[in-house]
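So the protein lines, in turn, are chains R and D. Quick note on numbering: the first sequence equals residues 1 to 308 in our numbering. Quick note on numbering: the second sequence equals residues 1001 to 1308 in our numbering. Where is the CB? At the ideal position from N, CA and C, for every residue including glycine. No experiment lies behind these values; they were computed from the predicted model shown.
2 protein chains.
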Amino acid sequence: MINKLVKKIEDLQAPIVAGLDPMLNYVPDHIKEKAFAEYGETLEGAGEAIWQFNKGIVDAVCDLIPAVKPQIAMYEQFGIPGLQAFKKTVDYCKEKDLVVIGDIKRGDIGSTSGAYATAHVGQVQVGSNKFRAFDEDFVTVNPYLGTDGVKPFIEVCKEEKKGIFVLVKTSNPSSGEFQDRLADGKPLYEIVGKMVDEWGQSHMGDSYSYVGAVVGATYPEIGKVLRQLMPKTYILVPGYGAQGGKGSDLVHYFNKDGLGAIVNSSRGIIAAYKQDKYARFGAEAYADASRQAVLDMKEDLLGALAGK
Amino acid sequence: MINKLVKKIEDLQAPIVAGLDPMLNYVPDHIKEKAFAEYGETLEGAGEAIWQFNKGIVDAVCDLIPAVKPQIAMYEQFGIPGLQAFKKTVDYCKEKDLVVIGDIKRGDIGSTSGAYATAHVGQVQVGSNKFRAFDEDFVTVNPYLGTDGVKPFIEVCKEEKKGIFVLVKTSNPSSGEFQDRLADGKPLYEIVGKMVDEWGQSHMGDSYSYVGAVVGATYPEIGKVLRQLMPKTYILVPGYGAQGGKGSDLVHYFNKDGLGAIVNSSRGIIAAYKQDKYARFGAEAYADASRQAVLDMKEDLLGALAGK
């Protein structure tokens, strides 16, 4: 799956992942009204609204980008109907041949991490049958519990030829409180990064490992250091656009081959029609605004990489 | 809710939480056969089996213990039907007046952490209606992303008079890889513990704060240090029993008032009938074996505390 991701990035010339993190207030009124007319102002109505919203965006951008990253929290808040919308979104994106990165940030110990891995990238046994509960291609994993927490994901990923992205340095303002602490003279994110590199050596694709890292766009100097520390690691970069990161900040997240990083934008793509820049599209054509935002992001990133 | 938890612990003289982490192979054949006869060997069948299994245990122990801790990973692996079983379990335990600690170990940034908090301890707005998606009383939270990731949970908990337990030092063998790293001369778990103490000061109950900590039973010396560092923090202690912790190791997790800690046992209670010690009960009476295991655990803990 890492090979597929790399090939799609090369073919489309687009190191871009669209974050499908729908807030209900991003969903245009015409979609909400239709969903609520059918299901009422209920969790089912909310689930239907975000699913229809997602479908419009996926249809509009699926020929431009290699991957999507649905953030499960945004679905989980609507309970079972929200998680049904998450599953429909994952399945639909896979039909459209998009690589699906489940942004789930799970992490636990031993058999419990194994159960999360089974849920999202593996198969569960029930009697004589096997089922895939959610079936993303990659998931994000929290490393705070150490190797015990991460290894069960890697074991399942080896069987399934799937992968993970481990949180190393997150994009938020307070990420440094623990991640930047100096331990043995090195910030914790470097220690975690080094482990990601090691874990990756046990599960390599053709040119990159199946064990990626999350490094926020908002800390470009740290991105540069981590790029060198983890040469075979794909870096998933959140924080572009709405959180402040821009293309020129991100060139050092890439390797000399022009690969090695994939940049996420969520609000900047899915709620583009709410920005002044794309207001001309209007709420009805929200998906066309998302398409234009992807094209602009691609130009920004490729321009920055060309001038590297 | 922390006041209710403390009162129940005092009234029942039982600082015990039963971990409802059902593996399908813990479920006795008679329950599985019935569930599969009705729903087939499907995710629905698995969901029904673990729900019926849980119900039996809850009925057998609910008068002895103050709280349960369902581990959501064990349900998530069965997809939507598994999560429906999680929800049924949470709702049923609340009907039985048990305090429900959702072991979800979520953690993200800003609005995303807010969405997780909404999902599990808050209310989500859909049009003019509000809904509770899952509705636990407490949840466990991963602190790796810093204050940005934890504060949204505390904000929701303040409104709802609910609480969290923050992972500080986990019970697994590799927990030290990152958590024990010395930063500014102190192990990371102490730095996180200090933050938990601070976060808790903003959301206090009568005698303890609504912001608890997870500290594994398998590291008693660390438990002693953290107890002193976080005097108003309730400590949730996993790792008793199956993972190796025993009552005499745990006396220093408690304060002089005999309070301040609640000890979790999962396999040791819910799969008690599979142990030689309780084999006499047999699979049909698995819930009676669980009840006996709770009584024995209570005796072990109270004995250790009396001899403190």
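Output the distance between the C-alpha atoms of Asn1264/D and Phe36/R, rounded to the nearest integer angstrom. Taking the first residue of the second sequence as 1, we reach residue 1264/D at position 264. Taking the first residue of the first sequence as 1, we reach residue 36/R at position 36. Approximately 43 Å, taken between the alpha carbons.
Closer than 9 Å, Cβ to Cβ, to anything on chain D: give me those residues from the region 111-133 of chain R, in chain order. Ser111, Thr112, Ser113, Gly114, Ala115, Tyr116, Ala117, Thr118, Ala119, His120, Gly122, Val124, Gln125, Val126, Gly127, Ser128, Asn129, Phe131, Arg132 and Ala133
CB Phe86/R to CB Leu43/R, shorter than 8 Å? As a working mapping, residue 86/R is identified with position 86 in the first sequence. As a working mapping, residue 43/R is identified with position 43 in the first sequence. Note that the C-beta distance between Phe86/R and Leu43/R is not below 8 Å.
At 4 residues or longer, and completely inside the region 36-99 of chain R: list those alpha helix (DSSP H) runs for me, N to C. 43-61, 73-76 and 79-95
Length at least 3, wholly inside the region 212-293 of chain R: the beta strand (DSSP E) runs in chain order: Scanning the region 212-293 of chain R from its first residue to its last, the whole beta strand (DSSP E) runs of 3-plus residues come out as 235-237 and 261-265.
Under 8 Å by Cβ, that's how I've got Val166/R and Ala117/R pegged, so tell me the actual separation to the nearest angstrom. The count along the first sequence starts at 1 and reaches residue 166/R at position 166. The count along the first sequence starts at 1 and reaches residue 117/R at position 117. Between Ala117/R and Val166/R the Cβ distance is about 13 Å, and since that is not below 8 Å, they are no contact.
Less than 8 Å between CB atoms is the rule here; does Arg1181/D satisfy it with respect to chain R? Locating residue 1181/D in the second sequence gives position 181, counting from the first residue. Chain R places a beta carbon closer than 8 Å to that of Arg1181/D, counting this residue as a contact.
Suppose the cutoff is 6 Å on Cβ atoms and the five residues either side in sequence are ignored; what does the same chain contact list for Tyr1210/D look like? In the second sequence, residue 1210/D corresponds to position 210, counting from 1. Excluding residues within five positions, the ones whose Cβ falls inside 6 Å are Ile1002, Cys1157, Gly1163 and His1203.
Members of the region 1045-1074 of chain D that neighbour chain R once the beta carbon cut-off is set at 8 Å: Listed in sequence order: Gly1045, Ala1046, Gln1071, Ala1073 and Met1074.
contact_flag[the region 1131-1142 of chain D, the region 1099-1119 of chain D] where n(CB pairs < 8 Å) is 3 or more: yes
With distances taken Cα to Cα, identify the nearest neighbour of Asp1108/D among Phe1153/D, Asp1249/D, Glu1095/D and Cys1093/D. One-based indexing of the second sequence puts residue 1108/D at position 108. Checked all of Phe1153/D, Asp1249/D, Glu1095/D and Cys1093/D; the closest Cα to Asp1108/D is Phe1153/D.
Report the residues of the region 213-235 of chain R with a CB closer than 7 Å to any CB of chain D, ordered along the chain. none
Kindly list the residues whose CB is nearer than 6 Å to the CB of Pro1220/D, restricted to its own chain and excluding five residues on each side of it in sequence; keep chain order. One-based indexing of the second sequence puts residue 1220/D at position 220. Answer for Pro1220/D: Asp1249, listed in chain order.
Within the same chain, show all residues whose beta-carbon is closer than 7 Å to that of Tyr1278/D, passing over the 5 residues directly before and after it, in chain order. Residue numbering aside, residue 1278/D sits at position 278 when the second sequence is read from its first letter. Once the five neighbours on either side are set aside, the close Cβ partners of Tyr1278/D are Ala1272, Ala1289, Gln1292 and Ala1293.
Check Ala133/R in the structure and name its three-state DSSP category. Mapped onto the first sequence, residue 133/R falls at position 133. In this structure, Ala133/R counts as coil in the three-state DSSP scheme.
Confirm the yes/no value for this check: CB of Leu83/R, any heavy atom of the ligand MN, distance under 7 Å. The ligand MN is not among the ligands present in this structure, which contains no ligands whatsoever.
Glu1198/D and Leu1229/D: beta carbons closer than 8 Å? As a position in the second sequence, residue 1198/D is number 198, starting the count at 1. As a position in the second sequence, residue 1229/D is number 229, starting the count at 1. No; because the gap between Cβ atoms is not below 8 Å, this pair is not in contact.
Shorter than 8 Å from the beta carbon of Phe153/R to some beta carbon of chain D? Sequence index remark: in the first sequence, residue 153/R carries index 153 (1-based). Output row for Phe153/R: interface = no.
Output yes if chain R places a C-beta closer than 8 Å to the C-beta of Pro1022/D; else output no. Taking the second sequence and counting its residues from 1, one reaches residue 1022/D at position 22. Not one chain R Cβ lies under 8 Å of Pro1022/D.
Provide the residue(s) that pair with Met204/R in DSSP beta bridges, ordered along the chain. Numbered from 1 along the first sequence, position 204 holds the residue referred to as residue 204/R. Partner(s): Ser209/R.
How is Asp29/R classed by DSSP in three states: helix, strand or coil? Translated into the one-based positions of the first sequence, residue 29/R becomes position 29. Helix at Asp29/R.
For the structure I just gave you, are there three or more beta carbon pairs, one from the region 1293-1308 of chain D and one from the region 1048-1067 of chain D, closer than 8 Å? yes
List, in order along the chain, the chain R residues whose C-beta lies closer than 7 Å to that of Pro1173/D? Looking up residue 1173/D in the second sequence gives position 173. Here the neighbours are Asp148.
Answer with yes or no whether the minimum CB distance from Gln275/R to chain D is below 8 Å. In the first sequence, residue 275/R corresponds to position 275, counting from 1. Gln275/R does not count as touching chain D.
Cutoff 7 Å; reference Cys93/R; Cβ partners in own chain excluding five residues on either side: Here residue 93/R is taken as the residue at index 93 of the first sequence, counted from 1. Contacts found: Val58, Val68 and Val100.
DSSP has Asp103/R in a bridge; who is on the other side? What you label residue 103/R is simply residue 103 of the first sequence in a count that begins at 1. Per DSSP, Gln71/R.
For Ile235/R, the nearest candidate out of Gly244/R, Ala242/R and Lys224/R (CA to CA): Looking up residue 235/R in the first sequence gives position 235. Nearest option by C-alpha distance: Lys224/R.
Span separating the alpha-carbon of Asp21/R from that of Leu12/R: By one-based count along the first sequence, residue 21/R stands at place 21. By one-based count along the first sequence, residue 12/R stands at place 12. Inter-residue distance for Asp21/R and Leu12/R is about 23 Å (C-alpha atoms, whole angstroms).
Interface flag, Glu1038/D vs chain R, CB-CB below 8 Å: As a working mapping, residue 1038/D is identified with position 38 in the second sequence. Answer no: the Cβ-Cβ gap between Glu1038/D and chain R never drops below 8 Å.
Check whether the Cβ of Pro143/R lies closer than 8 Å to any Cβ atom in chain D. As a working note, residue 143/R is residue 143 in the first sequence. Taking Cβ atoms only, chain D reaches closer than 8 Å to Pro143/R, which makes this a yes.
DSSP state of Pro1187/D, grouped into three classes? Locating residue 1187/D in the second sequence gives position 187, where the first residue counts as 1. Pro1187/D falls in the strand class under three-state DSSP.
According to DSSP, simplified to helix, strand and coil, what is Lys1158/D? Within the second sequence, the letter at position 158 stands for residue 1158/D. DSSP places Lys1158/D in helix when its eight states are reduced to three.
Report yes if the C-beta distance between Gly146/R and Val168/R is below 8 Å; otherwise report no. The residue given as residue 146/R occupies position 146 in the first sequence. The residue given as residue 168/R occupies position 168 in the first sequence. Not a contact, by the Cβ cut-off of 8 Å.
What's the C-alpha gap between Lys4/R and Val1126/D? Position 4 of the first sequence, counting from 1, holds the residue named residue 4/R. Position 126 of the second sequence, counting from 1, holds the residue named residue 1126/D. Going from the Cα of Lys4/R to the Cα of Val1126/D covers about 38 Å.
Could you tell me whether the Cβ of Asp11/R comes closer than 8 Å to any Cβ of chain D? The count along the first sequence starts at 1 and reaches residue 11/R at position 11. At a cut-off of 8 Å between beta carbons, Asp11/R makes no contact with chain D.
Answer with yes or no whether the minimum CB distance from Asp137/R to chain D is below 8 Å. In the first sequence, the residue the question calls residue 137/R occupies position 137. No, Asp137/R does not count as interfacial toward chain D.
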